[in-house]
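Protein chains in written order, with our numbering: chain A, 1 to 490; chain B, 1001 to 1460; chain C, 2001 to 2136.
Written out as structure tokens, the structure is:
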């Protein structure tokens, strides 16, 4: 069992007037430049005053309170917590890349990497063109749906006001559609986890702008009727949008372009192993088929002979516009490029193979321990769902309780309560970089937890026991809002 | 096989447990006609080979002397910042949804939120947004949701606001019947005049955006602009530079005594310990008054207690994210820029108020020195009369593009050509000098510029 | 765990309840809240936003927000009218909605317009049948 009992005061509580990491201060520059008095700040801002060692120690100790891929098996479904190779960081942080201002003359070394990244992503996904601009999956989704909107408007087809979304979709999908001015039409899936074809046929009409799909779906299974779905939507005049959150399951095996998708977003921070960083930065590159190419968000890297350059508004006058102050999360894209070069052709194909191997193995082993898979007749893609509804009924323990207890065993919990369709669910994605022994250790922990459910359920309902904090009061957090340290004054 | 630990024995055993003969069987649900052929991407590289390739490419880009600002600023980043931010426990952790296993990240974000409120003077901050431009777009959506006195969905956008930010706001918010009305600036002062705004008095506008310092580096008369907005029941969105907040009065107290200051504050946080890195990743910050907290997008960390009464941190107000989607103006934002926030928080802790003031002072002075030196070169003069922070606009007697190209060939990135963004200014360029520019650097630039200007005059 | 559905109230499909406070229309007043089923589904309430006194509402207009840790939901006005009172206790004690959804947890009171018809809303038995259908 892990023991992570560290307590660390707030940096403000370590603060003492007059302290600071003085070697970091630039020397005062002689001169008379100053802010006019009426615009001047009257008192210094309430930032902490600590020595360099105090700051270093404080943030190092905080880091030690985190679970991370570098320290723990982290089977968060739909997040693809695979190893982030250190080489990606080392070479992305070469001083020439790091010190480069984005508005200078086009940097040929950096742009060569970006252009090649665009091409590799096009090839892997079977799309005609790629923009690296969107800064996260949600922004990639926004770009994709905005392009669908722009496409229909350019054709003067203003009746297309609806976007179809499966019930199991990630919450950002309907939010994005609404954000682009569309009405969302939800359709159910059938008992086997595939989209309900009859419901889809009833849902399409001349008002259909498009459909947003993930494949494999959020239920962890491959959408077997994808060719038929594409035909139904295309025949109705709509476009197909691919949410690339689960690309890790099919990398090198199937290409979204070949499945009939017109526009896709990729999560480079999932499939291409850029760091999750405690909540970002991500990168939501988008790929399109030929008919959507004119609408891609700017900027995009172009190549003219041997020279790389940024395409701008004059090159793409129908573009949906710019989504970031510069060109998106350049450093994240660079890390993805390095990762893809390290994997290469053979390595990329292995990703889906071993992600599927690990997921199916884990699913079988957990089933062997008595856990119920949500879709036992289906192959796991790169992830699968366990429902704890039977255990909830028999022992009154919830998916949340199991998740919290897993922390005591030294594992980050899988995703819980998503997708909403499956009650008391755990969505488990081991990824391809985990060794068999680590999967087995996870199964041992789950076996032990299963025993505890039976004989000592309180161990679960009051878990975790060995973390720096016990279970936190979320209701109080939302009711008695304490969002900043109150010692700070303007 | 890169990063895949399985031995052939592992594979054989696992296949047996699953009950299939080969890994390919695991893909048998995929229709055969959809299966991809061989991918046309390069073969794998060893770490040594990719290291060589990247080093060669980096050498192509080199390390010119940089005098460009325009929304991304070169500042010294203390060594501990990235040494700690790239620790695996920060670098490879996920969003802190399992709070008990993420107290490090959560406490750090709470400290970050507190520091941003200290800088901006506002009552609550979120955990960051993607960047300054998209943060402004989100602030506009938020103002439409929050301003009960307005239904026009029209937002006043001065032309002294970063033009790329205005483009991004249009791209993101424009799909929801929100329109942006430009406000012109005074050509000699280089800032927005109250008189220009007064032409809009009494009309229904949802928000006024004020950038301070503005895109030209000039200081706006924020008190007058703020008060005009509030008199007309228009929400004030302040776009600010965090380094400048060490010496400028914060947006919370813009305006005369008794008049409320800014309602929403946002901006680009890159200057706080995040490298230029060819354009990103950066981070956007947003802060507001408590009364609007439920309309603010993005994640928020709150302090609470655990079952034993011990203080701890968790993501809070999460239901708000779905609800914002059902409201008058929707957002779909799901993530923040966790790693950049980690760096910024460590940066702010190391510098503290004195250090950040020193950075601001040095940057202001260096820019003043740069402008003074360059203005002495024949054919170069200051464009505007308003006081500036750490950027200023210079007017040349010829198109800046060729001048900047010549400087670039000498290893100097002299500034940003403004001809396309602001053609009415003529031959204008935006220059910036931060604390990283020493006196000898300013001398180098001045000498090079004098050379370039006289060489091309001689050729003309 | 069956939901409480008091017999003397009227109900909507969006889980609001209505109690007549004074006589019938045209200037009758009604009191509105959310049902036991709704508060149970939401979980512990952390925040409630009620409509301002004096505000005119149309039938079906979103006029209040109830927020728990899990979800934030709009509350819709069952009938048209003008808000004459809202519950001041909810600002500091949103949990009243969980503890006593039909009593101390009331949300607001509406002076109903001439065309408002309380009898057109669902009876208690109709609402119970509706809940039974929904849970299938």
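Cβ atoms here follow ideal geometry from the backbone N, Cα and C, with glycine treated the same way. The structure presented is a predicted model; accordingly, all values stated were derived computationally and were not measured.
_Contacts around residue 1280 of chain B, its chain only, beta-carbon distance under 8 Å, and the 5 residues preceding and following it disregarded_ = The count along the second chain starts at 1 and reaches residue 1280 of chain B at position 280. Excluding residues within five positions, the ones whose Cβ falls inside 8 Å are 1131.
*Spell out the partners DSSP gives residue 1088 of chain B in its beta bridges.*
Taking the second chain and counting its residues from 1, one reaches residue 1088 of chain B at position 88. Bridge partners of residue 1088 of chain B: none, in fact.
*Hey, would you say residue 327 of chain A sits closer than 7 Å to residue 299 of chain A, going by beta carbons?*
Counting from one through the first chain, the residue named residue 327 of chain A turns up at place 327. Counting from one through the first chain, the residue named residue 299 of chain A turns up at place 299. Yes, they are a contact pair.
*By DSSP, does residue 2086 of chain C sit in helix, in strand, or in coil?*
Against the third chain, residue 2086 of chain C aligns to sequence position 86. If DSSP states are grouped into helix, strand and coil, residue 2086 of chain C belongs with the strands.
*C-alpha gap between residue 98 of chain A and residue 1050 of chain B, whole angstroms*: Residue 98 of chain A sits at position 98 when you count from the first residue of the first chain. Residue 1050 of chain B sits at position 50 when you count from the first residue of the second chain. Roughly 17 Å between the two C-alpha positions.
*May I have a chain-ordered list of the beta strand (DSSP E) segments no shorter than 3 residues that lie completely inside the region 1142–1169 of chain B?*
1154–1158
_To the nearest angstrom, how far is the alpha carbon of residue 2080 of chain C from that of residue 2123 of chain C?_
In the third chain, residue 2080 of chain C corresponds to position 80, counting from 1. In the third chain, residue 2123 of chain C corresponds to position 123, counting from 1. Taking the straight line joining both Cα atoms gives about 19 Å.
_Could you compute how far the alpha carbon of residue 95 of chain A sits from the alpha carbon of residue 1314 of chain B?_
Along the first chain, one-based indexing puts residue 95 of chain A at 95. Along the second chain, one-based indexing puts residue 1314 of chain B at 314. So the alpha carbons of these two residues sit roughly 36 Å apart.
_Proximity below 7 Å, CB of residue 442 of chain A to CB of residue 1029 of chain B_ = As a working mapping, residue 442 of chain A is identified with position 442 in the first chain. As a working mapping, residue 1029 of chain B is identified with position 29 in the second chain. Going by C-beta atoms, residue 442 of chain A is not nearer than 7 Å to residue 1029 of chain B.
*asked:* Give me, in chain order, the residues of the same chain whose beta-carbon lies closer than 8 Å to that of residue 122 of chain A; leave out the 5 immediate sequence neighbours on both sides.
replied: As a position in the first chain, residue 122 of chain A is number 122, starting the count at 1. Correct list, in chain order: 128, 129, 130, 287.
*For the region 136–166 of chain A, which segments carrying the alpha helix (DSSP H) assignment without a break, of at least 4 residues, lie completely within its bounds, in sequence order?*
137–154
*Identify the residues that DSSP records as bridge partners of residue 1284 of chain B: which are they?*
Position 284 of the second chain, counted from the first residue, corresponds to residue 1284 of chain B. Its beta-bridge partners are B:1129, B:1268.
*Pair every Cβ in the region 299–319 of chain A with every Cβ in the region 72–80 of chain A, then say whether three or more of these pairs are closer than 8 Å.*
no
*asked:* My parser needs the beta strand (DSSP E) runs of 3 or more residues fully inside the region 5–81 of chain A; what are they?
replied: none
*Helix, strand or coil for residue 1327 of chain B per DSSP?*
Start at 1 with the first residue of the second chain, and residue 1327 of chain B comes out as number 327. Only weak support exists for where residue 1327 of chain B lies, its pLDDT of 48 falling under 50; the coordinates are left without a value.
*Is it buried or exposed for residue 1440 of chain B, if we count other Cβ within 10 angstroms and need 16 for buried?*
Counting from 1 along the second chain, the entry for residue 1440 of chain B is found at position 440. The residue in question, residue 1440 of chain B, is exposed, as its Cβ has fewer than 16 Cβ neighbours within 10 Å.
*Round the Cβ separation of residue 136 of chain A and residue 280 of chain A to the nearest angstrom and send it over; I've been treating them as touching at under 8 Å.*
Here residue 136 of chain A refers to the residue found at position 136 of the first chain. Here residue 280 of chain A refers to the residue found at position 280 of the first chain. About 7 Å; that satisfies the 8 Å criterion.
*Thinking residue 274 of chain A and residue 332 of chain A are a contact (beta carbons under 8 Å), I'd like their distance in whole angstroms, please.*
Counting from one through the first chain, the residue named residue 274 of chain A turns up at place 274. Counting from one through the first chain, the residue named residue 332 of chain A turns up at place 332. At roughly 5 Å, the Cβ-Cβ gap stays under 8 Å, so residue 274 of chain A and residue 332 of chain A are in contact.
*residue 186 of chain A bridges to which residues according to DSSP?*
Start at 1 with the first residue of the first chain, and residue 186 of chain A comes out as number 186. Note: residue 186 of chain A sits in a beta bridge opposite A:165.
_Pair within 7 Å by beta-carbon distance, residue 308 of chain A and residue 480 of chain A_ = Taking the first chain and counting its residues from 1, the one referred to as residue 308 of chain A is at position 308. Taking the first chain and counting its residues from 1, the one referred to as residue 480 of chain A is at position 480. Their beta carbons are not under 7 Å apart, which means residue 308 of chain A does not touch residue 480 of chain A by this criterion.
*In chain B, what lies closer than 7 Å to residue 180 of chain A by C-beta?*
Looking up residue 180 of chain A in the first chain gives position 180. Within chain B, the residues near residue 180 of chain A are 1175.
*Using the beta-carbon count (16 or more within 10 Å), is residue 1290 of chain B buried or exposed?*
Along the second chain, read from residue 1 onward, the residue named residue 1290 of chain B stands at position 290. Exposed: under 16 other Cβ atoms inside 10 Å.
*Listing by chain order, which chain A residues have their CB less than 8 Å from the CB of residue 2094 of chain C?*
Numbered from 1 along the third chain, position 94 holds the residue referred to as residue 2094 of chain C. Per Cβ cutoff of 8 Å: 479.
*With contact counted as at least three CB pairs below 8 Å, one residue from each stretch, are the region 1081–1092 of chain B and the region 110–120 of chain A in contact?*
no
*chain B beta carbons: is any one of them nearer than 7 Å to that of residue 362 of chain A?*
The residue labelled residue 362 of chain A in the question sits at position 362 within the first chain. Not one chain B Cβ lies under 7 Å of residue 362 of chain A.
*Spatial neighbours of residue 1410 of chain B within its chain, please: CB distance less than 6 Å, with the 5 preceding and 5 following residues excluded, ordered by chain position.*
As a working mapping, residue 1410 of chain B is identified with position 410 in the second chain. 1448.
*Taking only the alpha-carbon atoms, compute the straight-line gap between residue 304 of chain A and residue 187 of chain A and give it to the nearest angstrom.*
Within the first chain, residue 304 of chain A is the residue found at index 304, counting from 1. Within the first chain, residue 187 of chain A is the residue found at index 187, counting from 1. If I take the Cα positions, the gap works out to 46 Å.
*Hey, could you find the ends of the alpha helix (DSSP H) residue 1054 of chain B is sitting in?*
Residue 1054 of chain B sits at position 54 when you count from the first residue of the second chain. Residues 1047–1061.
*Is the Cβ of residue 2067 of chain C closer than 7 Å to any Cβ of chain B?*
For the purposes of this step, residue 2067 of chain C is taken as the residue at position 67 of the third chain. For residue 2067 of chain C, the answer is yes, since a Cβ of chain B falls inside 7 Å of its Cβ.
*Which chain A residues are close to residue 1165 of chain B, counting only those with a beta carbon under 8 Å from its beta carbon?*
On the second chain, residue 1165 of chain B is found 165 positions in, with the first residue counted as 1. The contacting residues are 325.
*What are the boundary residues of the alpha helix (DSSP H) that residue 345 of chain A is part of?*
In the first chain, the residue the question calls residue 345 of chain A occupies position 345. That run of the alpha helix (DSSP H) goes 330–368.
*DSSP on residue 2025 of chain C, reduced to helix/strand/coil?*
Residue numbering aside, residue 2025 of chain C sits at position 25 when the third chain is read from its first letter. In this prediction, residue 2025 of chain C has a pLDDT of 47, which is less than 50 and means its spatial position is unreliable; what the coordinates show is noted afterwards. Three-state DSSP puts residue 2025 of chain C in coil, outside helix and strand.
_Within 7 Å of chain C by C-beta, residues of the region 452–485 of chain A in sequence order_ = 474, 475, 478, 479
*asked:* I'd like the list of long-range same chain contacts for residue 267 of chain A, defined as Cβ closer than 7 Å, with 5 residues on each side in sequence excluded.
replied: Along the first chain, one-based indexing puts residue 267 of chain A at 267. The residues are 137, 244, 245, 282, 284.
*asked:* What residue range does the beta strand (DSSP E) around residue 2013 of chain C cover?
replied: Sequence index remark: in the third chain, residue 2013 of chain C carries index 13 (1-based). From DSSP, residue 2013 of chain C is part of no beta strand (DSSP E); its letter is neither H nor E.
*Smallest Cα separation from residue 2118 of chain C: which of C:2063, C:2035, C:2004, C:2012?*
In the third chain, counting from the first residue as 1, residue 2118 of chain C sits at position 118. Measuring from the Cα of residue 2118 of chain C, the nearest candidate turns out to be C:2012.
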